[in-house]
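Asker: Numbering (the numbering used here), first residue to last: 904 to 1070. Using N, Cα and C, we set each Cβ at its ideal position, and we do this for glycine too. Values in this document were obtained by computation on a predicted structure and should not be read as measured data.
1. Quick one: complete alpha helix (DSSP H) runs, 4+ long, within the region 934 to 1018?
2. Compare the C-beta of residue 1058 with all C-beta atoms of chain C and state if any pair is closer than 8 Å.
3. For a test of the three-state rule: what should DSSP assign to residue 898, helix, strand or coil?
4. Taking the straight line between their C-alpha atoms, what separation do you get for residue 933 and residue 957?
5. Per DSSP, which residues does residue 1065 bridge with? Please list them.
6. For residue 1051, count neighbouring Cβ atoms within 10 angstroms of its own Cβ and tell me buried if that reaches 16, exposed if not.
7. Tell me the residue span of the alpha helix (DSSP H) that contains residue 932.
8. What's the gap between the Cα of residue 1065 and the Cα of residue 916?
9. May I ask you to report which of helix, strand or coil DSSP gives residue 918?
10. Are there 16 or more other CB atoms within 10 angstroms of the CB of residue 1030, so buried, or fewer, so exposed?
11. What does the alpha-carbon distance come out to for the pair residue 962 and residue 922?
12. Just mark residue 931 as buried or exposed, buried being the case when its beta carbon has 16 or more other beta carbons within 10 Å.
13. If residue 976 and residue 987 are in contact, beta carbons under 8 Å, what's the gap, nearest whole angstrom?
14. Helix, strand or coil, according to DSSP, for residue 926 in the structure here?
15. Going along the chain, which residues of its own chain have a beta-carbon closer than 8 Å to the beta-carbon of residue 948, five neighbours each way excluded?
16. Within 10 angstroms of the Cβ of residue 1009, are there 16 or more other Cβ atoms? Answer buried if so, exposed if not.
17. At which residues does the alpha helix (DSSP H) containing residue 1031 begin and terminate?
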């Protein structure tokens, strides 16, 4: 399949599309017990992500949002946290490379902005996601070893970190 999607930085104008992508994947596909009230960040992308020094990106194919990834930055600690990495089921896999391209875009942003340590939390039910992070060099980390500023979601029970080499 041809790689026709593009990665765009998203702002509050995309909140409805972001919610429309993320909630069904979380609630219906993976049966994660989380709703919009538990994710106020989805209602104000600019405050939660851009305001931290991070960003929110989307993969867009023919005008449709097919995947997302976001970064909450902690510039004073030269680190950041990956959030909201989700891709519509029909666009997953190596053929299109949506997840890989989203992740690479975020990691390039981190390197360009002097962020050297990246963290993330996910659920152990998301085995494909865990394998994806591990293939990309993320190492498991115990919850108690996360930095105090890590924005933990109650549904997360598996955590990873990635050290980016200084350029």
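Answerer: Considering the structure as presented:
1. 948 to 951, 1001 to 1015
2. Looking at the structure shown, chain C is missing, and only one protein chain is on hand.
3. No statement about residue 898 is possible, as the shown extent of the chain runs from 904 to 1070 and does not include it.
4. Inter-residue distance for residue 933 and residue 957 is about 27 Å (C-alpha atoms, whole angstroms).
5. 1021
6. exposed
7. That residue, residue 932, is in no alpha helix (DSSP H); it is neither H nor E in DSSP.
8. Using only the alpha carbons, I get a separation of about 31 Å.
9. helix
10. exposed
11. 14 Å
12. exposed
13. Residue 976 to residue 987, Cβ: 14 Å. No contact.
14. In the three-state reduction of the DSSP assignment, residue 926 falls in the helix class.
15. 913, 914, 915, 917, 918, 921, 959, 973
16. buried
17. 1030 to 1038
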